[in-house]
Amino acid sequence: MRSESESASFISLTELSVPVPLPALLMEVLLEQGLGTTQLLEGTGLRLEHFSHPDTQLSYRQLALIISRALATSGNPRLGLLFGARIRYSHLGELGTLYAQAPTLRQSFEIGLKHQKLLGSAFDLRIVERPQHLAIIASKLVPLRERYFFNQESWLSAIVNQTALALETPVEQLDLEVEFDYSAPDDLKPYHEIFGTKVRFDQQYCQVLIPRPLLDRRLPGACPTLFKIAIQRCEEASSRGRIPLSLPEQIRVHLRKELEATPTVDEIAKRLNFSTRTLNRRLDDLDCNYRQLLREVRFETAAQLLQGTGLPITIIAQRAGFNDPSNFVKAFRDWAGTTPNQYRKHMRNLSH
1 MRSESESASF ISLTELSVPV PLPALLMEVL LEQGLGTTQL LEGTGLRLEH FSHPDTQLSY
61 RQLALIISRA LATSGNPRLG LLFGARIRYS HLGELGTLYA QAPTLRQSFE IGLKHQKLLG
121 SAFDLRIVER PQHLAIIASK LVPLRERYFF NQESWLSAIV NQTALALETP VEQLDLEVEF
181 DYSAPDDLKP YHEIFGTKVR FDQQYCQVLI PRPLLDRRLP GACPTLFKIA IQRCEEASSR
241 GRIPLSLPEQ IRVHLRKELE ATPTVDEIAK RLNFSTRTLN RRLDDLDCNY RQLLREVRFE
301 TAAQLLQGTG LPITIIAQRA GFNDPSNFVK AFRDWAGTTP NQYRKHMRNL SH
């Protein structure tokens, strides 16, 4: 079985894989809060001048030390909101160019998230189509512990802010919804200032819900020619620095391939060279589990087939891993809040 040490096939905490622009912005924000360079960087092997050198790369562990110290010494638990709200296209490298030239939000998100590893984020962002919204869901790539709130709030505030900038429309006019999977803090004012009033806590996922009418609206800064060039550059950059898939995504890949004869958690563990106990512990460190991942892949598969094919419900149920169509209908209603037939009808109406 795989040892407890890091493996080349999984996300490394010590590999230098995070490009410098976002960490440089983070340091700028933290220093503006009155935090000292020495207390932030001690023991990281980094000096302040490293953050102004374009070839610098950081590890997740170095970033973890900086963020943990900032949270411990600043007295401000909402540093993530401040950081995320400051992120602009210029901090996102090749991806920033892609986002800036995208014809629509849909294309921006679909192609941008395909290359999200270029940012070296500690999160995996994925898209889920829902009847009224497109959901962008943030899941951990590495254990975050006390840094979880910081990371979630920084990425969700960045997504909301970039959406408003792309549409050249104030956030409060966009009807975006933001959800967190943890309890509400005592002071909600910082959240309302960035997200508006539609912020909910104690939800199933950390996610931004974007109304479907916004997705295909032509963006004011759209340039299809430069967008194609940006896609090519992102593809080239992705091929140069391949970052391994996260553990949850590796499991999703196996499930997507064999959903009709769904592999058990024991079978998945064996394929990944883990004991079942170790696999479950690793997933627990990322706040997820095998059943949750299976549920997500089943819904993703069913939703795609309902939208993109005319297959009967019985066949879609089978391809989503259900032997009994009635169990599929019940599960789908729990997932989407509507029946498969109603979902299909609604999505088709939206496309016309």
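Going left to right, the sequence shown walks through residues 1 to 352 as the UniProt record's numbering numbers them.
Ideal placement from N, C-alpha and C gives every residue a C-beta, glycine not left out.
Just so it is clear, the structure is predicted and the values come from calculations on it, not from any experiment.
In this structure, the CA atom of T301 is about 11 angstroms from the CA atom of T309. With respect to the C-alpha of L311, the residue from L293, N289, R344, R333 having the closest C-alpha is R344.
By the CB criterion at 8 angstroms, A237 and E94 fall inside the cutoff. Apart from the 5 residues on each side of it in sequence, E153 sits with its Cβ closer than 6 angstroms to the Cβ of G80, L81 in its chain, given in chain order. Going by beta carbons, I210 and L176 fall inside the 8 angstroms limit. Counted as a single uninterrupted DSSP element, the alpha helix (DSSP H) harbouring E32 occupies residues 21 to 32.
Across the structure, R217 and A72 are spaced so that their CA atoms are roughly 43 angstroms apart. Around the beta carbon of N151, 16 or more other beta carbons lie within 10 angstroms, which makes this residue buried.
If you draw a straight line from the Cα of L286 to the Cα of G34, it comes to about 32 angstroms. DSSP places P220 outside both helix and strand once states are collapsed to three, so it counts as coil. Approximately 3 angstroms separates the beta-carbon atoms of G120 and V18; this is inside 8 angstroms, confirming the contact. Contact holds between the region 26 to 41 and the region 61 to 72, because three or more Cβ pairs, one in each stretch, are under 8 angstroms apart.
Q203 sits in coil when the DSSP states are folded into three classes, being neither helix nor strand. One Cα belongs to P77, the other to Q318, and the distance between them is close to 46 angstroms. Setting aside the 5 residues that flank it on each side, S157 is surrounded in the same chain by L81, G84, A85, I194, each with a C-beta closer than 6 angstroms to its C-beta; the list follows chain order. Secondary structure of A138 (DSSP, three-state): strand.
Taking a contact to require three or more Cβ pairs closer than 8 angstroms, the region 197 to 213 and the region 251 to 270 do not qualify as touching. Residue pairing by DSSP places I210 opposite L134 in a beta bridge. Put simply, of P131, P54, L125, Y290 the residue whose alpha carbon is nearest the alpha carbon of Y205 is L125. Beta-bridge partners assigned by DSSP to E129: L134. Among the bridge pairs identified by DSSP, V18 is matched with L58.
Where E177 is concerned, the enclosing beta strand (DSSP E) starts and stops at 177 to 179.
DSSP places D287 outside both helix and strand once states are collapsed to three, so it counts as coil. Going by DSSP, L113 is part of the alpha helix (DSSP H) stretching over 105 to 114. Every unbroken stretch of the alpha helix (DSSP H) spanning 4 or more residues and falling wholly within the UniProt domain "HTH araC/xylS-type" (249 to 346) is given here in chain order: 265 to 271, 276 to 285, 290 to 308, 313 to 319, 325 to 336.
Contact check for L113 against A166 fails: the beta carbons are separated by 8 angstroms or more.
Ranking P54, T44, A138 by CA distance to the CA of A24 puts P54 first. In this structure E129 touches A303 by the C-beta definition: roughly 6 angstroms separates them, less than 8 angstroms. With fewer than 16 other Cβ atoms inside 10 Å of its own Cβ, A184 counts as exposed.
Beta-carbon to beta-carbon, Q57 and L16 are separated by about 4 angstroms, close enough to satisfy the 8 angstroms threshold. Beta-carbon to beta-carbon, F180 and Q162 are separated by about 18 angstroms, too far to satisfy the 8 angstroms threshold.
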